[in-house]
Amino acid sequence: MNQFTYIYAGQTHTDTSAEYMQQLGMSAETIESVLQQQSYERRAALGINANDSGDALKTALKAAIDTAAGSVRKAYVSQGQLVEEEYHLAKQHAEGWDGSGDAPATVQAWADASGLSTAEAKDDILATATAWEQALTAIRAARLSGKAAVSGATDDDEALNAAETAIAQLNALMPQ
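Under the UniProt record's numbering, the first residue of the sequence shown carries the number 1, and numbering increases by one thereafter.
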């Protein structure tokens, strides 16, 4: 989340509480203007229409959470058509191979491509699959809890906070 800043009386401020802005000597109209600008910028950062509110806002925020989750998931998998299916197939073959006889074609392909032995390739495939499944589980948890928090929000600001928190949690799951 980007920190919202505004300039008042020639100084930059970040505190948007009404009490603080009143202490600065802002009029009610100026405070309202600052809060509207903050709301606009928060929505713009999430790709949300500035005029959405209530259920329309919640729907848009939940879609933004889904989009963020999709971006994180994609970062864990090589791009291309059916690549995820290749990963599933390689995992299935690695799990089913006891190490005796010829390695399954998917395990052998990884061994050949990576310079690993077939046993090392099997272990690497299974370790990668485990890491991927753990990431997917964490992504799913952040996505679903974020959407539930947005749904349960009692006002637009609470819904925005919930979405921003969920998206920050999802972004923290990006592979390094």
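Cβ coordinates follow ideal geometry from the N, Cα and C atoms, glycine included. Since we're looking at a predicted model, the values are computed, not measured.
Tell me which same chain residues have a C-beta within less than 8 Å of the C-beta of residue i, skipping the five on either side of it?
i    : result
M26  : Y8 and V34
K122 : A94, W97, G99, A103 and V107
D124 : W110, S114 and L116
K58  : V150, S151, A153 and A159
Under a three-way DSSP split, which group does residue i fall into?
i    : result
T16  : coil
Y40  : helix
Y6   : strand
Q79  : coil
Q176 : coil
Of all the options the options, which has the alpha carbon lying nearest to the alpha carbon of residue i?
i    : options                 : result
A44  : S145, E85, A60 and A90  : A60
R143 : L24, A162 and I31       : A162
V77  : L136, E164, Q11 and E95 : L136
A109 : E133, A90, G10 and G47  : A90
E19  : G10, I31, T106 and T12  : I31
V150 : H88, E164 and A138      : E164
Could you name the residues of the same chain whose beta carbon sits closer than 6 Å to that of residue i, not counting the 5 residues immediately before and after it, in chain order?
i    : result
A170 : A small correction: the amino acid at residue 170 is Leu; Ala does not occupy that position in the sequence shown. Once the five neighbours on either side are set aside, the close Cβ partners of L170 are A68, A69, V72 and A142.
M174 : V72 and A75
S53  : D156
Original post:
Does the pairing of the segment 119 to 136 with the segment 38 to 54 give three or more beta-carbon distances under 8 Å?
Top reply: no
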